[in-house]
Amino acid sequence: MYTILITVGVITGIATVLAVLLTFADSYIADYGIKKITINKEKEFEIDGGSTLLSSLTSQSIFIPSACGGKGSCGYCKCKINSGGGPVLATELSYLSKDDLQNNVRLSCQVKVKEDMSIEIPAELFNVKMFSATVEKSTNVTDKIKQLRFKITSNDPASLDFKAGQYIQLLAPPYPGSPEEVYRAYSIASATKDEGYIELLIGYVEGGIVTTYVHQHLSNDDKVTFTGPYGDFYLQDTDAEVILVAVGTGMAPIRSILYELLAQKSERKISFFFGARTKSDLFLLDEMEMFERELPNFKFIPTLSRPEENDDWTGEVGRVTHAIEKRLEESDSPKEAYLCGSAPMIDSTVKVLVAKGIPEEKVYFDKFD
Amino acid sequence: MPEINPIVILFASIFTSNMVLANFLGMCSFIAVSKEIKTSIGLGQAVTFVLTGTTIINYFIYHYILIPFGLEYLRFIVFIITIAAFVQLVEMIIERYLPSLYYSLGIFLPLITVNCAILGVSLFMVIRDYSFIQSLSFGLGSGLGWALAILAMSGIRKKLERAPIPKGLQGPGITLIITGLMALAFIGFSGIVRIQ
Chain A
1 MYTILITVGV
11 ITGIATVLAV
21 LLTFADSYIA
31 DYGIKKITIN
41 KEKEFEIDGG
51 STLLSSLTSQ
61 SIFIPSACGG
71 KGSCGYCKCK
81 INSGGGPVLA
91 TELSYLSKDD
101 LQNNVRLSCQ
111 VKVKEDMSIE
121 IPAELFNVKM
131 FSATVEKSTN
141 VTDKIKQLRF
151 KITSNDPASL
161 DFKAGQYIQL
171 LAPPYPGSPE
181 EVYRAYSIAS
191 ATKDEGYIEL
201 LIGYVEGGIV
211 TTYVHQHLSN
221 DDKVTFTGPY
231 GDFYLQDTDA
241 EVILVAVGTG
251 MAPIRSILYE
261 LLAQKSERKI
271 SFFFGARTKS
281 DLFLLDEMEM
291 FERELPNFKF
301 IPTLSRPEEN
311 DDWTGEVGRV
321 THAIEKRLEE
331 SDSPKEAYLC
341 GSAPMIDSTV
351 KVLVAKGIPE
361 EKVYFDKFD
Chain H
1001 MPEINPIVIL
1011 FASIFTSNMV
1021 LANFLGMCSF
1031 IAVSKEIKTS
1041 IGLGQAVTFV
1051 LTGTTIINYF
1061 IYHYILIPFG
1071 LEYLRFIVFI
1081 ITIAAFVQLV
1091 EMIIERYLPS
1101 LYYSLGIFLP
1111 LITVNCAILG
1121 VSLFMVIRDY
1131 SFIQSLSFGL
1141 GSGLGWALAI
1151 LAMSGIRKKL
1161 ERAPIPKGLQ
1171 GPGITLIITG
1181 LMALAFIGFS
1191 GIVRIQ
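Okay, here's the thing in structure tokens:
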């Protein structure tokens, strides 16, 4: 008994002394004083140096997209640092392309503010705000996908001003099994006109931090926090024929785009190819019927990759690319395509669409990781 | 306590019982960082500094805390804790005052924590029952020896860049073989002095 106490005492003592020493050293050695950050040569603010650029910007209510919360594992928080960034760090290299390196693009979660900095970020990011909201309704649309409706409760601003197709970053607070705050990106599934509310479609991923939080810890009237809007994937204002392609929760931004087209009473020709495994993985079918009724030139083409025998499936079978090859009519009329889903699905779909004569720059996509 | 002149220990730990080449400790960063002469000099300096520092700290902790309480069996955990904390401190200092070295060492600076040579030196110091002065020269010598080995290796690898090495052996493969050859050469020093 005595030995155990002594052992615990000694180890605790040594660890405490070292921890205290390091804390002191951190506040003395890592004190870089007040530094100035200039954004896009117009905005300026001063912050305490020494912390990362990402957290310094967040403290000034400028929200750069980041999915991993600053651990340097997602590569989303890129921003252009024109001066004061220091050399590129080894932890950034795997996320920076050759172009990035030439253009001084860096990962803002890895770069520490040690001197005055001048950075450039897309002007849209100034519109990104932080919102609080409560869960108004949550429905299981399939056994793996939840549809969640949030009521925005923050007052300034009271509604999210976004373009159909953009996404938000949902924050999962620490919960048992996940000790840190984590942000994940989710496309907004609701209409832009649905002011004061947003809807998300969130699939359950085994072991996923935010999906586990949403599927197992979130219930009605719970408070959530999110930032947004982000993204350059949104409906373009043209008259071209619209080809929509999604699998699984990739439905979300497409649904928002469809509501947008509905609000415009659009007469554009629209085909929506939706891929799922079995019939039980299809969802929001009644809404798709509604769109087919209300939009004069809209066609919903679901395709099942593995229909089960008792599904009685008479529709398309195979992957979405297969359905597109079969059903998309080639014509000279201008077309544009919006794809949302996993990276392999997007890559193969882009190839098929380009082969069908759609210029690559008219194929817009949002890749899920 | 063995009666060995500390200066003998210093030179012996650089040449005859070199940490890398005689004991094969600290191989991971030895293989990973020896690509560039400049970074291997930097890492060599950092390892030497950390080795000397942690040997001193661990000497005092072992002789003035662990032995009086009869907790010698805790030395593994305690040594690792002090090494980790010391490396953190060194990292902070280098980041603040030597930014260019900080950037060139990159991820390998925090990885010094898990460099086996450093824990090895602290443990050998205890096993061989060195006095303080002997430990100090052993720590410093082992660090210099490690730095010498990685510097030699990076020089050789610079030459190897133009050598026609079979694809499967490029990188770590050929490095391990060369390390073996270097170790064989260093065996020539063995038996000149004894340090334990």
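Quick note, the sequences are listed as chains A and H, same order.
The first sequence: position 119 = 119 (our numbering), numbered continuously.
Numbering-wise, our numbering comes out as the position in the second sequence, counting from 1, plus 1000.
Think of the CB as a built atom: it goes at the ideal place given N, C-alpha and C, for glycine as much as any other residue.
Approximately 7 Å separates the beta-carbon atoms of residue 37 of chain A and residue 113 of chain A; this is inside 8 Å, confirming the contact. Between the alpha carbons of residue 1051 of chain H and residue 55 of chain A lies a distance of about 34 Å.
For residue 1170 of chain H, no alpha helix (DSSP H) segment is defined, and its DSSP state is neither H nor E. Contact between residue 167 of chain A and residue 188 of chain A holds, with the beta-carbon distance rounding to 6 Å and staying under 8 Å. Residue 224 of chain A places its beta carbon less than 8 Å from that of residue 135 of chain A.
Membership of residue 99 of chain A in the alpha helix (DSSP H) is indicated by the continuous run 98-102. If you compare the alpha carbons of H:1096, H:1153, H:1124 with that of residue 1009 of chain H, the shortest gap goes to H:1124.
The distance from the Cβ of residue 200 of chain A to that of residue 183 of chain A is about 14 Å, inconsistent with a contact at the 8 Å cut-off. Any Cβ of chain A closer than 8 Å to the Cβ of residue 1085 of chain H would place that residue at the interface, and such an atom is present. Excluding sequence positions up to five before and after residue 159 of chain A, its CB lies within less than 7 Å of the CB of 152, 195, 196, all in the same chain and listed in chain order. As DSSP reads the structure, residue 302 of chain A sits in a beta bridge with A:274.
In the three-state DSSP reduction, residue 155 of chain A falls in the coil class, being neither helix nor strand. Here residue 1137 of chain H is buried. Its C-beta has 16 or more other C-beta atoms within 10 Å. Within chain H, 1065, 1066, 1069, 1071, 1074, 1078 have C-beta atoms less than 9 Å from the C-beta of residue 10 of chain A, given in sequence order. In the DSSP annotation of this structure, the continuous segment of the alpha helix (DSSP H) that includes residue 1156 of chain H starts and ends at 1132-1160. Taking CB atoms only, residue 1125 of chain H has no neighbour in chain A less than 8 Å away. The Cβ of residue 5 of chain A sits no closer than 8 Å to any Cβ of chain H. Chain-ordered, the chain A residues with CB closer than 9 Å to the CB of residue 1061 of chain H read 14.
In the three-state reduction of the DSSP assignment, residue 203 of chain A falls in the strand class. Close partners of residue 87 of chain A in chain H (Cβ separation under 7 Å): 1103. Contact of residue 101 of chain A with chain H by beta-carbon distance below 8 Å is absent, the smallest such distance being about 14 Å. Judged by DSSP secondary structure, residue 1 of chain A falls outside any beta strand (DSSP E); it is assigned neither H nor E. In the assembly as shown, residue 147 of chain A is a buried residue. Its beta-carbon has 16 or more other beta-carbons within 10 Å. Listed in chain order, the positions of the stretch 89-120 of chain A with a beta carbon within less than 7 Å of a beta carbon of chain H are 89, 90, 91. Note that the C-beta distance between residue 116 of chain A and residue 84 of chain A is below 8 Å. For residue 34 of chain A, not one C-beta of chain H is nearer than 8 Å to its own C-beta. Within chain A, 86 have C-beta atoms less than 7 Å from the C-beta of residue 1099 of chain H, given in sequence order. By the criterion of at least three beta-carbon pairs nearer than 8 Å, the stretch 347-361 of chain A is not in contact with the stretch 1149-1156 of chain H. For residue 288 of chain A, the enclosing alpha helix (DSSP H) starts and ends at 285-294. Classified as exposed, residue 19 of chain A has fewer than 16 neighbouring CB atoms from the shown chains inside 10 Å of its CB. Residue environment: residue 326 of chain A is assigned as exposed (fewer than 16 neighbouring CB atoms within 10 Å of its CB, all protein chains considered). The Cβ neighbour count for residue 108 of chain A, taken over all protein chains shown within 10 Å, is at least 16; the residue is labelled buried.
In this structure, the alpha-carbon of residue 300 of chain A lies about 11 Å from that of residue 246 of chain A. Scanning its chain for C-beta atoms nearer than 8 Å, with the 5 sequence neighbours on each side dropped, one finds around residue 358 of chain A the residues 243, 335, 336, 337, in chain order.
The beta-carbon distance between residue 353 of chain A and residue 271 of chain A, rounded to whole angstroms, is 12 Å. This is too long to meet the 8 Å contact definition.
Out of A:238, A:234, A:143, A:129, the CA that lies nearest to the CA of residue 266 of chain A is found in A:238.
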